[in-house]
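These protein sequence lines are chains X and U, in that order. Residue 453 is where the first sequence starts when you use our numbering, and the numbers rise one by one after that. Residue 64 is where the second sequence starts when you use our numbering, and the numbers rise one by one after that. Backbone N, C-alpha and C fix where the C-beta goes; we use that ideal spot for every residue, glycine too.
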Amino acid sequence: MKCEDAGQVCDKSQYKEASFWEKLKLNVHLLYCNPCREYTQKNVKLSIVFKKSNLKIMSLHDKKDLKKQIHQEIAK
Amino acid sequence: MSNNQLKPNLWVDKYSDYLFNFTIIKVNDSEIAKDLISETFLAGLKSKDNFKGEASERTWLTSILKRKIIDHYRKINSNKGKAEVRITYSDKESEGDWLEEQLSDPYDKNAEDLILNTELGIAIHNCLDNLNEKHALIFKMKTIDNFDTETICKEFDISPSNLWVIIHRARKTMIDCLNENWF
């Protein structure tokens with residue numbers, strides 16, 4: 453497995469979208485690749501930080517509504 | 064003199080999530096939060112000539128939003144005669160302890176968590192400013208709202224491999240930015 457692919461599998465696994473085989477190959481790669489191991493550790497921490505932050509975002513539908521309101525107001 | 068200028072066409076993409084998060088912590092209702100932000104943007108448009116450019120656009124909009132939130136509290140408060148307060152005791156013996164139980168440790172812990180979450184939320188939003196708007200939006204949809212890959216690809220008309228490249232760059236940028244204080 454190349455480092456580039458390892459990074460991508462690591463990203464996918466943060467969203468539970470990596471397959472069993474991908475994760476297995478990633479873990480083998482991590483046994484001998486320091487930079488990828490470091491990225492994986494930080495990537496996992498990033499996921500934890502986001503979970504801890506309990507952030508909320510506005511839905512796309514609501515954003516579209518707001519944009520419409522602003523455009524109408526500007527056009528007045 | 065300042066270089067800060069208002070760009071209302073970009074307000075929703077650039078600031079709606081920051082303002083939404085700021086509001087939801089205080090009012091705890093997404094519909095009310097959305098209404099308050101809508102009022103904030105419209106008030107911002109009406110008073111855009113008052114913007115002197117000394118503060119950033121986001122700070123200026125946040126100060127308008129704070130006033131809207133205070134107005135909202137006042138409106139609720141004027142209805143307080145209708146409010147009903149219930150105090151429940153778990154059993155007869157612990158009756159006298161209810162105030163301490165309700166307000167001491169759990170309250171402090173919640174307050175601390177809230178402060179920590181607010182600070183972390185601000186730090187995350189500041190770091191998200193390092194991404195371009197489209198990439199930030201895709202990253203937030205995937206990471207905060209947990210949308211599946213297919214939905215995001217359809218919405219933005221991109222391929223899954225494009226999506227993962229965007230996510231990878233975004234995660235690297237966020238790691239570099241948050242690394243010092245939050246990891």
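Is there a C-beta anywhere in chain X that falls below 8 Å from the one on Val-90/U? no
Does any C-beta atom of chain X lie closer than 8 Å to the C-beta of Trp-123/U? no
For Ile-100/U versus Thr-86/U, is the C-beta spacing smaller than 8 Å? yes
Would DSSP call Asn-195/U helix, strand or coil? coil
What is the DSSP secondary structure of Leu-162/U, reduced to helix, strand or coil? For Leu-162/U, the pLDDT reaches just 49, beneath the cut-off of 50, and the residue's location in the model is therefore unreliable, although a value from the coordinates is still provided. Reduced to three states, the DSSP call for Leu-162/U is helix.
Test: Phe-535/X CB closer than 8 Å to a CB of chain U: Past the edges of chain X, shown from 453 to 528, lies residue 535/X, and the structure says nothing about it.
Beta-carbon neighbours of Arg-234/U, restricted to chain X and to distances below 7 Å: Asp-463, Asn-495 and Leu-498
May I have the straight-line CA-CA distance separating Ser-167/U from Glu-196/U, to the nearest angstrom? Reliability fails at Ser-167/U, whose pLDDT of 46 lies under 50, so the model's placement of it is uncertain and no value is given.
Please classify Ser-79/U: is it buried, with 16 or more other beta-carbons within 10 angstroms of its beta-carbon, or exposed? buried
Cα-Cα separation between Glu-117/U and Asn-189/U, rounded to whole angstroms: 19 Å
Taking C-beta to C-beta, are His-135/U and Val-90/U nearer than 8 Å? yes
Would you check if the distance between the CB atom of Lys-203/U and the CB atom of Ile-509/X is smaller than 8 Å? yes
Would you say Leu-226/U reaches chain X, if we count a Cβ-Cβ gap shorter than 8 Å as a contact? no
By the 10 Å Cβ neighbour count, where 16 or more other Cβ atoms means buried, how is Glu-120/U classified, buried or exposed? buried
Please list, in chain order, the chain X residues whose beta carbon lies closer than 8 Å to that of Leu-108/U. Ile-522, Glu-525 and Ile-526
Going by alpha carbons, who is nearest to Thr-181/U out of Lys-504/X, Glu-469/X, Gly-459/X and Lys-494/X? Lys-504/X
Consult DSSP for Ile-221/U and reduce its assignment to one of helix, strand or coil. coil
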